[in-house]
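Line by line, the protein sequences give chains A and B.
Just so you know, we're using the working numbering here: the first sequence kicks off at 1 and counts up by one.
Just so you know, we're using the working numbering here: the second sequence kicks off at 471 and counts up by one.
Heads up: the structure comes next, in C-alpha cells.
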Amino acid sequence: MGYKYTYTLGARTWHFRNLADLMAKATPARSGDRLAGVIAESAEERVVAQMRLAELPLLAFLSEALVPYEQDEVTRLILDTHDSVAFAPVAHLTVGDFRNWLLSDQATPEALERLRSGLTPEMVAAVSKLMRNQDLILVAKKCQVTTAFRNTIGLPGHLSTRLQPNHPTDNVSGIAASLLDGLLYGNGDAVIGINPATDNVSQAIKLMGLMDDVIQKYEIPTQSCVLTHVTNTLEAIEQGAPVDLVFQSIGGTEATNSSFGFNLATLQEAQDAAQSLKRGTVGNNVMYFETGQGSSLSANAHHGIDQQTCEARAYAVARRFDPLLVNTVVGFIGPEYLFDGKEITRAGLEDHFCGKLLGVPMGCDICYTNHAEADQNDMDNLLTLLGVAGCTFIMGIPGSDDIMLNYQTTSFHDALYARRVLDLKPAPEYEDWLVRMQIFENTSRYEPSKRLPDLFRAPLKSLTREADHE
Amino acid sequence: MSEQKPLVTGNVWRVLRRFTDARIGLGRAGVSLPTHELLRFQLAHAQARDAVHFPLDVKRLVEDLSESTMALPKKSPLALKSQAEDRLTYLQRPDLGRRLSPESLEGLARHRASDPGESDIAIVIVDGLSSSAVQNNAVPMVTQFLRDLEDEAGNWRLAPLTIVEQGRVAIGDEIGECLGASVVIVLIGERPGLSSPDSLGIYLTWGPESRLSDARRNCISNVRPAGLSFEHASQRLLYLMREARRLRISGVGLKDRTEEVVIEKNANNKNFLTDN
C-alpha cells in the first residue's frame, strides 16, 4: 500500500514527493530546513502541506518509515517497541483529529500517560506541526513525567535546575566558586553537571570526585554528572569513580549517533553499569541525555528529514533508557539551524511538547549564541512559556554567561524569577535541604538568606585568611 | 519617616571572583539582577554583537600588516571574498562561506599563472564570526609567527598572504590548494563569547584541498591578549607544522602534545568547599 501525497486547493494540485517531504514542508519555517533544502518554497505551500498532513491517518506512520527499517536501528527501535494496545484509543484518528483529541478533555493526564508507548516520534512531530504555541503549552502541561535518583524530579508545580559550574580550564577553585554561588541561590536540584574543558577519562574522574566530595560533605540531595563521552564514563566506572549519571548527546538517526561514536548497545551497557552502582537513594534513573534540532543535519545524517522530526526521534532513543533528565539545548547550535528568537522559541516549545508526549523528562537549555538574532528578552519569553508548560528543568549558570562554552543560558536569578511569577518549587527533597541549610529564608517567596548560611562560613573564612596573607 | 532599607542585597562570596571570570556574587534586587550588573551584561553582549556584525576593514588591515612587519612576502596581500554576499546570508549559509566567489577564484588563478612557484605555507586571514578578533589580533599574531619562522630550520617558503571576507574555516583549504601550498594556516575570528569578543582561532591543514572534513584540521583556540598569548600560539603552531610535515598529516591523527593539561592541587586550584 501507499499514501498519495497530493492536495488539491481550488484549481491547483500540490504534489509532495513522500511522507518525509510532506513533513518537512509542513514544518514552521526555520533556517536549518532551508540549509538542508527541505523547507517549503512558499508560505502557501507550507499551509497546504499542513492541510494534507492533517488528513493523514496516524496509522500511516506505522507503515511508512522515514528512514528505512533495514538501515537504521532507531527506526527498528521505534517500530519494534510500538505498543498497539496503548495506541488503540487514537488508532482511528487522522493527524488533524489527533490534535483535536489532545486538546480535548478526553486527553486527561492519565489517558496521556497510558497512550505514551503507543505513540511514535513521527506521529508526535507531525501533530506538533499543526499546533500553535499555545497548543504545545496546553498539552505539554497535561503530560506528567516523574523521575528520581536522590530526589524526585518532574512533579506538577515544580521546576528543577541543573547547576552548570563550567570553567575554561577546569580550575577546581573556579568550579567550586561557581558551584557555591549556585547552591546559595538555591540551584542544582536536577543535577550538578560540568562540561569539562579537557575531555578525557582522568579529567572526568577528577571532576566526578570533586562534585561527589561536595555532595557528601554537605549532604545535598542531588546528583552529579560530568558531560563527557559515554565510553569515557564507562571507563570511569570501571576505575571505580563515583558516577551518579551517565551523559551522552544523542540524535534521531543511527548515522547521527555513529558520528557521535556510540550505538544503542553502548547506551544499554552504560545504563546497566551505572545502575549496578546503586548510588540513587529514591530512584534509579541514571541517564542524562542532551539533544537539539539540527544535530542530524550537522552530522550529514538527516536522510532528507526535517530537523524537528529528527529531534523527536532522538526522544525514542532517550526513553528506551529511562533517563533522569533529557535536555534540548535549543539555541546552542547557531543561526544556520535556528535563526532568531522566534525560531528558537518555537523549537523549544516543540521539543518540550514532543518529549513530554512521548514520556521523556524534558528540560530545556534556554540559550543563544552571540551570532544568533536573539537576546536576553527572547530567553525571558521562552523561560516564561516553558515554565507555564511545566518544563522539567532548566540550566543555571552565574549571570547567564557560560565562560567555557561561550554562550548564554538561564541564570540562577532567572530560575528564582520563574519560581516567583509561576510559583514553581524545587524538588521536594531539595527544598527541605535548602531550608535545613538556611539557604532559603522564605520558601514561599523563594528568597535566599541575607546572611551566609553557617555551614559555608568556614570555607569562606579560610579563603579570606589566605587572601590576607597574600 | 520610615527607615531606608538597602535595595540591593550583596553577596559576601563575591571575593571568590579571584578564582573565576564567571559572573558570581552578583547580588540581587529582590531575586533579580541589580541594575549595574544588568547593564554590565548588556554592554558585553553589545560588544559581542558588534564583533559579529561590523565588517572587517580590509584596507586598514593591509596597512597595519605592511607597517608592522618587514618579513611579509614581497607582494601585497590578496583580498578575496566567499560566495556569501552579505552577513545575513553568511550566518545562515555556512556552505557558502566555505567556497570562494567566482571572481576571487579567477583572481587567484590569475595570480597563480603569473607566479607558478612552489610554496610551503599559505597564511589565510578570515573575518569569520568576529571582525574585531581579526582587526585587533591578526597583525600581532602574524608578526610574531613570521619572526619565529625566521629562526626555524627547514626552509618554509611563504605563499602570498590572503584576506577573506565572509569566510568560514574551510575556505582556507580551497585557497591553499589554489596556491599550491603544502600547508595552510587559517587565522579566523571565533564565535564571540560574552567575555571574549575578540578571540582568534588558528587552523592548520596539511595538503589542503577543497571539501576536506573538520577531522583533517588542527585547531589552536582563544588566541588574544587575555587568553592564549601570541608567543604561545606561535610556538604551538610551529610544533604542529613540524609534525605535520614529518608525518604528512594533520587533524585527528596529529596530536598536540604541547597541550596536555592536568589538574594539580595548589593554592589556587583546590576545592575550598571540602579541603578547608
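The beta carbon of each residue, even a glycine, is placed where N, CA and C say it ideally should be.
In the DSSP assignment, H352 (chain A) falls outside any beta strand (DSSP E) and within the unbroken alpha helix (DSSP H) covering 341-358. For A176 (chain A), the chain B residues whose C-beta falls within less than 7 Å of its own C-beta are N741, F742, L743, listed in chain order. Contacts between K217 (chain A) and chain B, judged by CB atoms closer than 8 Å, involve L743, T744 in chain order.
For Q408 (chain A), the chain B residues whose Cβ falls inside 7 Å of its Cβ are L664, in order along the chain. Out of B:F615, B:D643, B:V634, the CA that lies nearest to the CA of W626 (chain B) is found in B:F615. Interface flag for L267 (chain A) against chain B is unset, since no Cβ pair is found closer than 8 Å.
In the DSSP annotation of this structure, the continuous segment of the alpha helix (DSSP H) that includes G96 (chain A) starts and ends at 95-103.
Boundaries of the beta strand (DSSP E) around Y288 (chain A): 287-291. Annotation for P196 (chain A): D170, Q203, A204, L207, V226, L227, T228 place their beta carbon closer than 8 Å to its own, counting only its chain and skipping 5 residues before and after.
R162 (chain A) has A:V191, A:M395 as its beta-bridge partners, per DSSP. Contact of S224 (chain A) with chain B by beta-carbon distance below 9 Å is absent, the smallest such distance being about 13 Å.
Taking a contact to require three or more Cβ pairs closer than 8 Å, the stretch 349-366 of chain A and the stretch 385-395 of chain A qualify as touching. Counting the other Cβ atoms within 10 Å of the Cβ of T147 (chain A) gives 16 or more, which makes it buried.
At a cut-off of 8 Å, the C-beta of S249 (chain A) has no neighbouring C-beta in chain B. Distance from the CA atom of N688 (chain B) to the CA atom of G659 (chain B), rounded to whole angstroms, is 16 Å.
Shortest Cα-Cα distance from S589 (chain B) to any of B:A516, B:S669, B:L628 involves B:L628.
Against chain B, a Cβ distance below 8 Å from L452 (chain A) picks out V482, W483. Assignment of H15 (chain A) by DSSP, reduced to helix, strand and coil, places it in the strand class. Around F339 (chain A), the beta-carbon contacts reaching into chain B at under 7 Å are Q562.
In the three-state reduction of the DSSP assignment, A318 (chain A) falls in the helix class. For I494 (chain B), the neighbours in chain A by C-beta distance under 7 Å run, in chain order, A177, S178, D181, P398.
One finds N741, L743, T744 in chain B with Cβ atoms closer than 9 Å to the Cβ of V214 (chain A), taken in chain order. In this structure, V201 (chain A) and L245 (chain A) do not form a Cβ contact; the two beta carbons are roughly 16 Å apart against a cut-off of 8 Å.
Taking a beta-carbon distance threshold of 8 Å, E507 (chain B) counts as an interface residue toward chain A. In the three-state reduction of the DSSP assignment, W676 (chain B) falls in the strand class, which pools E and B. Residues of the stretch 526-541 of chain B that bring their beta carbon within less than 7 Å of a beta carbon in chain A are absent altogether. At a C-beta separation below 8 Å, H515 (chain B) has these neighbours in chain A: N370, D375, Q376, Q408.
Here S160 (chain A) is buried, its C-beta having at least 16 other C-beta atoms within 10 Å. Contact check for V326 (chain A) against A318 (chain A) passes: the beta carbons are separated by less than 8 Å. Here N263 (chain A) is exposed, its C-beta having fewer than 16 other C-beta atoms within 10 Å.
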